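Participant: Residue numbers (this note's numbering): 90 to 348.
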């Protein structure tokens, strides 16, 4: 896939440093689209160093309302035929970058997905992601004609999602959260609330886990696993409070919905 065919899309909402991600995207993308949450001030292109290969930078200033609308606003500005959507706390491995550069999509393929390697406190995790699942696959590289549905609010889906031809690449993204633990807990709680909103009370048994799963996180990943267990509890509490509108005692959290 040629650089001119590909536009990189990144959502930002604070002053997180995306210099390294920008450098990685510039090697495979002819354009970088930054959709910045204007509630946090304006985004300055001067924060991005000029890469060795010229890359068109397009900044969209927009007050955040939902992830689907934020991403759609960025896709509207795409100059390439394909869009690569990457989060601001993710990095592209050399293997994935090479795979994308050498990609020759068939006419029937609408999108590609790839897995993430999860980190916590700079250390790789063996079992769990901070929110959601390491096995959850969503379109990350897709034709620019696609648009996201209004719902769900997280793990967004494209319009006509069920008819899309999705392929999976072998390369991975690296997910490296940089927030403080307190900020991550707040994020996990909000994630749980958004998931409950999207499910509209239909969270099924696949979203439930026994409390013993929390101990498995600790056994597999030590202190990082303990932090993950706490994030899962915060996420569960967010889902429970959104669903019931009531407060839960600490003992109730362990039996609440976990993802």
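By construction, the Cβ of each residue, glycine as well, lies at the ideal position given by its N, Cα and C atoms.
Quick caveat, the model's predicted, so the values are computed rather than measured.
Which two residues bound the contiguous beta strand (DSSP E) that contains residue 126?
Facilitator: Looking up residue 126 in the chain shown gives position 37. Where residue 126 is concerned, the enclosing beta strand (DSSP E) stretches over 120-126.
Participant: Is residue 213 helix, strand or coil by DSSP?
Facilitator: Here residue 213 refers to the residue found at position 124 of the chain shown. DSSP places residue 213 in strand when its eight states are reduced to three.
Participant: Give every residue of the same chain whose Cβ lies closer than 7 Å to the Cβ of residue 93, excluding the five residues on either side of it in the sequence, and list them in chain order.
Facilitator: Position 4 of the chain shown holds residue 93. Result list for residue 93: 119, 169, in chain order.
Participant: Residue 291 by DSSP, collapsed to three states: which one?
Facilitator: Taking the first residue of the chain shown as 1, we reach residue 291 at position 202. Confidence in residue 291 is poor, its pLDDT being 48 and thus under 50, which makes the residue's placement too unreliable to answer from.
Participant: What residue does the alpha helix (DSSP H) around residue 115 start on, and which one ends it?
Facilitator: Numbered from its first residue, the chain shown carries residue 115 at position 26. Counting along the chain, the alpha helix (DSSP H) containing residue 115 begins and ends at 108-117.
Participant: Give every residue of the same chain whose Cβ lies closer than 7 Å to the Cβ of residue 102, excluding the five residues on either side of it in the sequence, and list them in chain order.
Facilitator: Numbered from its first residue, the chain shown carries residue 102 at position 13. Only 126, 129, 153 meet the Cβ criterion.
Participant: Three-state secondary structure (DSSP) at residue 151?
Facilitator: Walking along the chain shown from the start, residue 151 turns up at place 62. The answer is strand: DSSP assigns residue 151 an E or B state.
Participant: Would you mind working out which of 147, 227, 113 sits nearest residue 250, comparing C-alpha positions?
Facilitator: Position 161 of the chain shown, counting from 1, holds the residue named residue 250. Ranking the options by Cα distance to residue 250, first place goes to 227.
Participant: On the DSSP bridge assignment, give the partners of residue 145 in chain order.
Facilitator: Counting from 1 along the chain shown, the entry for residue 145 is found at position 56. DSSP, once it has assigned bridges, lists 120 as partnering residue 145.
Participant: Going by DSSP, name the residue or residues bridged to residue 256.
Facilitator: Reading the chain shown from its first residue, position 167 is the one you call residue 256. Its beta-bridge partners are 201.
Participant: How should residue 351 be labelled, buried or exposed, when 16 other C-beta atoms within 10 angstroms of its C-beta is the threshold for buried?
Facilitator: Residue 351 lies beyond the stretch modelled for the chain, which goes from 90 to 348, so this question has no answer here.
Participant: What residue does the alpha helix (DSSP H) around residue 193 start on, and which one ends it?
Facilitator: For the purposes of this step, residue 193 is taken as the residue at position 104 of the chain shown. Element bounds for residue 193: n/a, residue is neither H nor E.
Participant: Suppose you measure from the CA of residue 175 to the CA of residue 247; what does that come to, to the nearest Å?
Facilitator: Taking the first residue of the chain shown as 1, we reach residue 175 at position 86. Taking the first residue of the chain shown as 1, we reach residue 247 at position 158. The alpha-carbon atoms of residue 175 and residue 247 are separated by roughly 16 Å.
Participant: Touch check for the stretch 203-217 and the stretch 158-165: three-plus C-beta pairs under 8 Å?
Facilitator: Cβ pair count under 8 Å is below three, so no.
Participant: Pull up the DSSP beta-bridge partners for residue 101, would you.
Facilitator: The sequence position of residue 101 within the chain shown is 12, counting from 1. In the DSSP output, where bridge partners are listed per residue, residue 101 has 125.
Participant: With distances taken between CB atoms, is the gap from residue 230 to residue 172 smaller than 9 Å?
Facilitator: As a first step, residue 230 must be located in the chain shown, where it is residue number 141. As a first step, residue 172 must be located in the chain shown, where it is residue number 83. Contact: yes.
Participant: Are residue 122 and residue 166 close, meaning C-beta to C-beta below 9 Å?
Facilitator: For this step, residue 122 is matched to residue 33 along the chain shown. For this step, residue 166 is matched to residue 77 along the chain shown. Going by C-beta atoms, residue 122 is nearer than 9 Å to residue 166.
Participant: Nearest-angstrom Cα distance between residue 252 and residue 195?
Facilitator: Position 163 of the chain shown holds residue 252. Position 106 of the chain shown holds residue 195. Each residue's alpha carbon lies about 16 Å from the other.
Participant: Would you call the CB atoms of residue 260 and residue 188 closer than 9 Å?
Facilitator: Residue 260 sits at position 171 when you count from the first residue of the chain shown. Residue 188 sits at position 99 when you count from the first residue of the chain shown. Cβ distance < 9 Å, so residue 260 and residue 188 count as in contact.
Participant: Rounded to whole angstroms, what's the CA-CA distance from residue 155 to residue 96? Just pull it up for me.
Facilitator: Here residue 155 refers to the residue found at position 66 of the chain shown. Here residue 96 refers to the residue found at position 7 of the chain shown. C-alpha separation (whole angstroms): 21 Å.
Participant: Under three-state DSSP, which class holds residue 347?
Facilitator: The residue given as residue 347 occupies position 258 in the chain shown. Per-residue confidence for residue 347 stands at a pLDDT of 37, beneath the threshold of 50, marking its modelled position as unreliable; the derived number appears in the next sentence. Note: residue 347 maps to coil in three-state DSSP.
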